[in-house]
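In my numbering, the protein residues as written are 485 to 776.
Read through the structure below, which is laid out as structure tokens, and then see the notes.
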Amino acid sequence: MTRKARTKRTSRTTHSSPPEPRETLWRTLLTFNVTRVVIAIVLLLFLSFNAKKDGGAASQYGNLNTCIAYLVLAAVFAILAAYRRRRFLLQLLPQIAIDITVISILYVSAGSAKSGLAILYLFPLAGVAVLAPMLVALFWASAVTLFLLAESLYQALDTPLDPTFSQSGLYGAAFFAAVIVINRLAARLIKQEDLAAQRGRDLRVQEAINRMVIADMGDGILVVGPEGNVLTANPAAERMLGLSIPYDKPTYRLSEMSALMPIADAFFTWIGQSSAPAEGKAEASVFVVVKP
Numbered sequence: 485m486t487r488k489a490r491t492k493r494t495s496r497t498t499h500s501s502p503p504e505p506r507e508t509l510w511r512t513l514l515t516f517n518v519t520r521v522v523i524a525i526v527l528l529l530f531l532s533f534n535a536k537k538d539g540g541a542a543s544q545y546g547n548l549n550t551c552i553a554y555l556v557l558a559a560v561f562a563i564l565a566a567y568r569r570r571r572f573l574l575q576l577l578p579q580i581a582i583d584i585t586v587i588s589i590l591y592v593s594a595g596s597a598k599s600g601l602a603i604l605y606l607f608p609l610a611g612v613a614v615l616a617p618m619l620v621a622l623f624w625a626s627a628v629t630l631f632l633l634a635e636s637l638y639q640a641l642d643t644p645l646d647p648t649f650s651q652s653g654l655y656g657a658a659f660f661a662a663v664i665v666i667n668r669l670a671a672r673l674i675k676q677e678d679l680a681a682q683r684g685r686d687l688r689v690q691e692a693i694n695r696m697v698i699a700d701m702g703d704g705i706l707v708v709g710p711e712g713n714v715l716t717a718n719p720a721a722e723r724m725l726g727l728s729i730p731y732d733k734p735t736y737r738l739s740e741m742s743a744l745m746p747i748a749d750a751f752f753t754w755i756g757q758s759s760a761p762a763e764g765k766a767e768a769s770v771f772v773v774v775k776p
């Protein structure tokens, strides 16, 4: 019996799937993909203008083909994020790898650090800092930094006085700082979202308890909004007034029904007294008697 129980437990644990990420992360990933499409279009337009100025150089056509492929992949990633919300990290990590690969190709072909395209690395690094754990984000930041340093070292072998090595180091330090700061801010926002969701659940539980307590009371109770909308009522009030009032769906106003006019007058009198300045006097209570 114990062996069977153990086998059942192991089978349950092996077949159990990991929890899916929250809806907020999927929406952020979709926004990230739409931004990628926009960046790919801007790069394509920029390179097409440069190709016309340079008279159609072979390197420019190679960059154009790279941008076209990047735009197609960006559109595919956006469609997957919108309609196939499964395996979050399996969708995210290939996207980051393709972003860094395409940017690296354009970076090298445009003249390395002199081109100023290193700033484009901030897009995938910021995205992975928001959507992935800190360790994964630091891995990609270190990969980009090592690539920049290796490429600058290769350039320094040809031109020893080339200052791009220090620029690559500064870019790497900036990328690490940006990844750490963005990841911490994203983690704090996620904690605040969890806290707000927990408070919302607690509020719903408290409302359910209040409804149960009000429903069991023998006195008639109306819950009325500031403008006189009847939000809900307990069964005793519904029997006394001869109304059926659904919860949290205002269908009646106190001033629109002649049977509720005494209650409406008393309610608005009480509202006027509570909103008026105190002037050193205690607020007077207003009572109304409804006879069945």
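Cβ coordinates follow ideal geometry from the N, Cα and C atoms, glycine included.
Quick check on this structure: which residue in the options has the alpha carbon closest to the alpha carbon of residue i?
i, options, result
"L609", "A743, D749, F516, Y736", "F516"
"F572", "L514, V518, R520, T519", "L514"
"L637", "T519, S650, D700", "S650"
"V665", "I582, M618, L576", "M618"
"V518", "L564, A681, G595", "L564"
"I580", "N667, L531, E507, L606", "L606"
"Y779", "V614, L531, A566, K536", "Given that the chain is displayed from residue 485 to residue 776, the structure contains no residue 779 and the question cannot be resolved."
"L574", "C551, L529, W510, S588", "W510"
"S588", "A680, F631, S742", "F631"
"I582", "A566, C551, R570", "C551"
"I755", "G709, L725, R570, L527", "G709"
"A553", "L528, K536, R570", "L528"
"I508", "V526, K536, A566, G546", "The question names Ile, but residue 508 in the sequence shown is Thr. Checked all of V526, K536, A566, G546; the closest Cα to T508 is A566."
Thinking C-beta only, is residue j closer than 8 Å to residue i?
i, j, result
"V612", "A602", "no"
"V707", "L738", "no"
"F659", "V689", "no"
"G600", "L633", "no"
"E635", "S596", "yes"
"G712", "A748", "yes"
"V614", "A670", "yes"
Just confirm the distance between the C-beta atoms of residue i and residue j, as a whole number of angstroms; I'd bet it's less than 8 Å.
i, j, result
"A524", "A558", "5 Å"
"V663", "A625", "5 Å"
"L548", "V521", "Going by Cβ atoms, the distance from L548 to V521 rounds to 17 Å, so no, they are not a contact pair."
Alpha carbon to alpha carbon, how far is residue j from residue i? Give it in angstroms, no decimals.
i, j, result
"L727", "A616", "54 Å"
"A717", "G704", "8 Å"
"E740", "L576", "56 Å"
"F623", "I698", "57 Å"
"L604", "L673", "25 Å"
"N694", "D678", "24 Å"
"V560", "A640", "39 Å"
"G702", "A720", "6 Å"
"P578", "D642", "34 Å"
"K598", "N667", "29 Å"
"A750", "R568", "57 Å"
"R506", "F533", "42 Å"
"S742", "G684", "37 Å"
"L744", "T512", "50 Å"
"Q676", "P746", "46 Å"
"E722", "I729", "7 Å"
"G653", "V526", "27 Å"
"T753", "D686", "33 Å"
"A692", "Y736", "22 Å"
"L725", "R570", "52 Å"
"G546", "T648", "24 Å"
"Q682", "K536", "58 Å"
"M696", "I584", "57 Å"
Among all the DSSP beta bridges, which residues are the ones paired with residue i?
i, result
"Y736", "V714"
"L706", "A717"
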